[in-house]
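Worksheet for the structure shown next.
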Amino acid sequence: MRTTIERRDLGPRDVLIEITYAGICHSDIHTVRGEWGKVPYPLTVGHEIVGHVTEVGAEVTRHAVGDRVGVGCMVNSCRECENCKAGMEQYCLDGNTGTYAAVDKDGTVTQGGYSTHIVVVEDFVLRVPESIPHEAAAPLLCAGITTYSPLAHWKAGPGKKVAVVGLGGLGHMGVKIAVAMGAEVTVLSQTLSKKDEGLAFGAQHYHATGDPATFETLKNTFDLIINTVSAPIDMGAYLSLLRLDGTFVSVGAPPEPLPIQVFTLFNNRRSFAGSSIGGIAETQEMLDFCAERGIAPQVEVISADEVNDAYERVLKSDVRYRFVIDIASLR
Ligand code: NAP
Ligand code: ZN
Ligand code: ZN
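Reminder that position 222 of the sequence shown reads as 222 in the UniProt record's numbering, one-by-one numbering, no gaps.
As structure tokens, this is what we get:
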């Protein structure tokens with residue numbers, strides 16, 4: 001449904017962005033379906049935002065009119081707590097201000113990127129390198145950073161065996177980034193239907209999790225498993241794939257709990273962890289890394305009228321590999 005949302009007047013440190021493309025993240029779907037809790041209607045979602053700066057506040061120094069910029073999953077934080085000071089605004093102890101469905105500093109509910117314009121304080125606006133096409137840059141702002149951050153933190157690189165579970169929006173970026181970091185990468189997908197593409201993204205190995213033999217063959221194999229699945233999975237089966245000191249990181253955010261039998265962690269001194277997006281400086285680092293390495297998401301550009309159909313395809317695991325809305329279709 002189309003509607004009109006109000007953006008705040010430009011403050012001295014704010015940037016007005018004319019949005020060109022907005023990616024569709026599964027988090028948008030969890031949110032609008034009420035799977036993560038009550039929805040503060042009326043709500044516009046979208047936190048993979050790319051566009052041009054069209055106006056800046058009087059005190060803005062980091063961005064200028066005409067710049068290609070992006071906005072990801074958060075638009076503010078307290079900036080004073082130890083996590084903010086360490087550059088990890090996503091873990092702000094006061095709670096970061098989400099790009100949508102959050103209460104902003106002025107008490108209003110934040111509205112996301114499926115819209116023509118957005119006003120964001122300059123510190124939470126990223127520079128988008130020229131070499132990345134606009135529509136391909138959008139998914140980097142969430143899918144890119146959410147996989148880059150744990151891969152960097154747990155040191156995916158040469159000599160490390162990394163598995164990516166689920167080959168959707170996050171998963172395909174996780175594969176490309178882990179490969180660029182030098183890791184040996186395995187895709188664990190429900191079926192082998194996307195095997196050719198997974199290998200083309202650079203993965204060395206590809207297995208179907210629907211085949212029980214996969215869990216026998218790959219027992220005690222991985223240093224790091226990045227789980228991008230939006231639904232609950234059999235944790236015991238996946239943890240058994242970790243070798244000594246291996247870590248299973250969930251970035252997938254199903255509403256249901258993921259039950260764990262602790263004895264599975266005792267074996268091989270395994271760890272289970274979660275990871276949330278990435279800090280602002282780290283997001284800039286990821287954008288520059290992807291530009292330097294020539295890595296970009298594989299996107300399917302759609303018009304605003306096709307959003308509901310796109311959601312249905314994402315829910316059927318039929319996304320290849322990120323839907324991006326051409327915001328020109330909204331104007
Ligand atoms: P997506 O494009 O829908 O990808 C998820 C993939 O998981 C699917 O393509 C499918 O891959 C697999 N899958 C789906 N249902 C499954 C099931 N029932 N059993 C096994 N595998 C299943 O979603 P996304 O946008 O990448 O987001 C993935 C998850 O990450 C969502 O829960 C989202 O909310 C969350 N997320 C978290 C963060 C964070 O900061 N931690 C940030 C962004 C998103 P195959 O077809 O290959 O099996
Ligand atoms: Zn997202
Ligand atoms: Zn903070």
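Quick reminder that beta carbons are idealized off the backbone N, C-alpha and C, glycines included.
Just so we're clear, the structure is a prediction, and the values are computed from it rather than from any experiment.
Could you give the distance in angstroms between the alpha-carbon of residue i and the alpha-carbon of residue j?
| i | j | result |
| --- | --- | --- |
| I302 | A58 | 36 Å |
| E80 | A163 | 36 Å |
| K176 | A143 | 11 Å |
| S240 | P257 | 19 Å |
| S250 | P212 | 21 Å |
| I24 | K219 | 34 Å |
| N268 | V187 | 22 Å |
| L330 | V324 | 13 Å |
| H153 | R313 | 32 Å |
| G252 | F266 | 23 Å |
| Y238 | F124 | 36 Å |
| S317 | P12 | 43 Å |
| G168 | P254 | 15 Å |
| I118 | G107 | 17 Å |
Per the DSSP calculation, residue i is bridged to which residue(s)?
| i | result |
| --- | --- |
| S271 | T247 |
| T186 | A163 and H205 |
| A22 | I49 and I325 |
| T217 | Beta-bridge pairing links T217 to no other residue. |
| H117 | E18 |
| V301 | V324 |
| L126 | G70 |
| F222 | L242 |
Under 8 Å: does the beta carbon of residue i sit that close to some heavy atom of ligand 1?
| i | result |
| --- | --- |
| Y238 | no |
| M199 | In the sequence on display, residue 199 carries Leu and not Met. Checking the Cβ of L199 against ligand 1 gives no. |
| I280 | no |
Assuming the contact rule is C-beta atoms closer than 8 Å, residue i and residue j should be a hit. Round their C-beta distance to whole Å, please.
| i | j | result |
| --- | --- | --- |
| N76 | V165 | About 32 Å separates the two Cβ atoms, so there is no contact after all. |
| E130 | Y21 | So it is not a contact: roughly 15 Å between Cβ atoms. |
| G246 | F222 | 6 Å |
| G278 | T146 | 7 Å |
Run the proximity test for residue i: is its beta-carbon closer than 8 Å to any non-hydrogen atom belonging to ligand 2?
| i | result |
| --- | --- |
| T44 | no |
| D288 | no |
Below 8 Å, is the gap between the Cβ of residue i and the nearest heavy atom of ligand 3?
| i | result |
| --- | --- |
| D94 | yes |
| C84 | yes |
| S77 | yes |
Next on the checklist: Taking contact to mean 3 or more Cβ pairs, one atom from each stretch, closer than 8 Å, check whether the region 102-116 and the region 28-46 are in contact.
Outcome noted: Under the three-pair Cβ rule at 8 Å, the region 102-116 counts as touching the region 28-46.
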